[in-house]
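The numbering of the sequence shown is my numbering, which starts it at 25 and goes up by one. Where is the CB? At the ideal position from N, CA and C, for every residue including glycine.
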Amino acid sequence: MNTLIRLIGRRLVALPLMILGVTFLVFVLMSLSPIDPAYSALGENATPAALEAYRESHGLNDPWIVQFGSYVAGLLQGDLGTYGVGEDSVSAKVFTALPITMQLTFIGLFIAIIFSFPLGVLAALYRDRWPDQVIRIISIACLATPSFWLAILLILVFMGKLPVAGALPAFGDDPSGWFQRMLLPSFALAVPVIGQMTRIVRTSMVEELDNDYVRTALGAGIPKHIVVSRNVLRNALITPVTVLGLRVGYLMGGAVVIEIIFNLPGMGRVLIDGITQNWVTVVQGATLVVAIAFIVVNIVVDLLYILINPRIRTV
């Protein structure tokens, strides 16, 4: 137990350091943008005096390191800055959109899990027989299907049968409407991950089934389904769970594109608005929040596979 607590403590100590590193990287990259934040905020009709006054009041004339310190201080208070002529809050815009992107990401992740894990296990148990061959064809087809292309195809096929546009109902107000609105974009997002995870689960299961302890247990008369469910499956989960954590980043990035296709008001819409309107602070805030969300999710996954396999607790 003490070893487990130390491992969890290490991950939690590393979390703020990684967030600070990502914040620094995003800030540096956005500072290289040729877009003048004062110009994008005040518009093309702003006078030079007004632009200079804006830069002075928002600390844009300060040394770079001072600007970064001010930005970090704002982050600690949940302030991502302002944008536009009306000095609207970037935090309000980003944190309104983030839940929609996270919902889409985790529904896609759930769909990927419920399809890929059973298919991968089934393919491994029937290795080189017809179920394995059929599942191999399905997984390759899923891998070769771009999410954005599938999203467009689903819109064409299900238009009129399922909602593919319009407002997203709140889950608390209309659970059925919310689920129907999120189903197609989530499925389009999940399909490539289903293909990849099915192959990874199969490979991990095959490697575990070839171990000596499995042959010994079967030779001792223990039923195969008990060996598989109690030992093989648990040991084989480590690699898929690790890869699944990395796939969350792919899903979040893909969700940005899928949201635009299905007209969902998530982070994709925030980024598009920021880019088209030259709102540097909006792009910076949205990018930073997505990156931090990815880090936090991977820390959680890291802790999960520590709990799944006791052998890792001794590392």
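Exposed or buried, which one is residue i when buried takes at least 16 other CB atoms within 10 Å?
i       : result
Thr-311 : buried
Ser-228 : buried
Glu-232 : buried
Ser-210 : buried
Val-280 : buried
Gly-33  : exposed
Asn-259 : buried
Gln-101 : exposed
Gly-105 : buried
Arg-30  : exposed
Lys-117 : buried
Gln-220 : buried
Phe-139 : buried
Phe-48  : exposed
Phe-141 : buried
Met-183 : exposed
Gly-132 : buried
Pro-216 : buried
Glu-222 : One point to set straight first is that residue 222 is Thr, not Glu, in the sequence displayed. Buried, since its Cβ has 16 or more Cβ neighbours within 10 Å.
Val-50  : buried
Ala-168 : exposed
Arg-293 : buried
Ala-97  : exposed
Val-90  : exposed
Ile-164 : exposed
Arg-226 : buried
Ala-73  : exposed
Ala-315 : buried
Gln-157 : exposed
Leu-295 : buried
Ala-194 : exposed
Ala-244 : exposed
Val-321 : buried
Ser-64  : buried
Gly-196 : exposed
Closest to residue i by CA distance: which of the options is it?
i       : options                               : result
Leu-22  : Ile-131, Phe-134, Arg-160 and Phe-130 : This structure cannot settle anything about residue 22, because the visible part of the chain is limited to 25 through 339.
Leu-327 : Asp-103, Leu-177, Val-181 and Val-265 : Val-265
Arg-271 : Ile-176, Phe-318 and Trp-173          : Phe-318
Leu-53  : Arg-35, Asn-322 and Val-304           : Val-304
Gly-83  : Gly-201, Ala-70, Ala-62 and Asp-103   : Ala-62
Leu-213 : Arg-223, Val-256, Ile-137 and Pro-155 : Ile-137
Phe-172 : Phe-119, Ile-316, Ile-285 and Asp-152 : Ile-285
Gln-204 : Gln-91, Val-294, Thr-120 and Leu-186  : Leu-186
Ile-43  : Glu-76, Leu-99 and Leu-75             : Leu-99
Leu-128 : Leu-177, Trp-202 and Phe-92           : Trp-202
Leu-261 : Val-230, Glu-76 and Ala-244           : Val-230
Gln-301 : Pro-155, Ile-135, Ile-59 and Ser-55   : Ile-59
Ile-299 : Gly-45, Val-37 and Ser-57             : Ser-57
Ile-179 : Leu-207, Ile-162 and Arg-153          : Leu-207
Leu-149 : Thr-240, Asp-197, His-249 and Arg-293 : His-249
Leu-257 : Phe-134, Val-145 and Phe-119          : Val-145
Leu-66  : Asp-234, Arg-254 and Tyr-107          : Tyr-107
Gly-278 : Tyr-78, Phe-130 and Val-320           : Phe-130
Val-46  : Phe-92, Asn-69, Asn-235 and Leu-75    : Phe-92
Tyr-81  : Glu-68, Glu-111 and Asn-69            : This sequence places Ser at residue 81; Tyr is not what is there. It is Glu-111.
Arg-151 : Asp-234, Gly-273, Gly-309 and Ser-94  : Asp-234
Just grab the DSSP bridge partners of residue i for me.
i       : result
Tyr-340 : Nothing can be reported for residue 340: it is not among the residues displayed for the chain, which extend from 25 to 339.
Met-183 : Leu-186
State the CB to CB distance for the pair residue i and residue j, rounded to an integer number of angstroms; the pair is presumed to be in contact (CB under 8 Å).
i       : j       : result
Ala-175 : Ile-282 : 5 Å
Val-267 : Val-251 : Wrong, their Cβ atoms sit about 24 Å apart, outside the cutoff.
Val-313 : Leu-122 : 6 Å
Leu-275 : Leu-192 : With 8 Å as the limit, Leu-275 and Leu-192 do not qualify as a contact, their Cβ atoms being about 18 Å apart.
Gly-290 : Thr-71  : Incorrect: roughly 37 Å between the Cβ atoms, too far for contact.
Ile-218 : Cys-166 : 5 Å
Val-325 : Gly-269 : 3 Å
Leu-39  : Ile-323 : 6 Å
Ser-55  : Trp-88  : 7 Å
Which runs of the alpha helix (DSSP H) spanning at least 4 residues fall entirely within the region 268-306, listed in chain order? 291-300
List in chain order: all unbroken alpha helix (DSSP H) runs of 4+ residues lying wholly within the region 173-246. The region 173-246 contains these whole alpha helix (DSSP H) runs: 199-233 and 236-243.
Which ranges does the alpha helix (DSSP H) cover as unbroken runs of at least 4 residues, wholly within the region 51-129, from first to last along the chain? Listed in chain order, the complete alpha helix (DSSP H) runs (minimum 4 residues) inside the region 51-129 are 61-66, 72-81 and 88-100.
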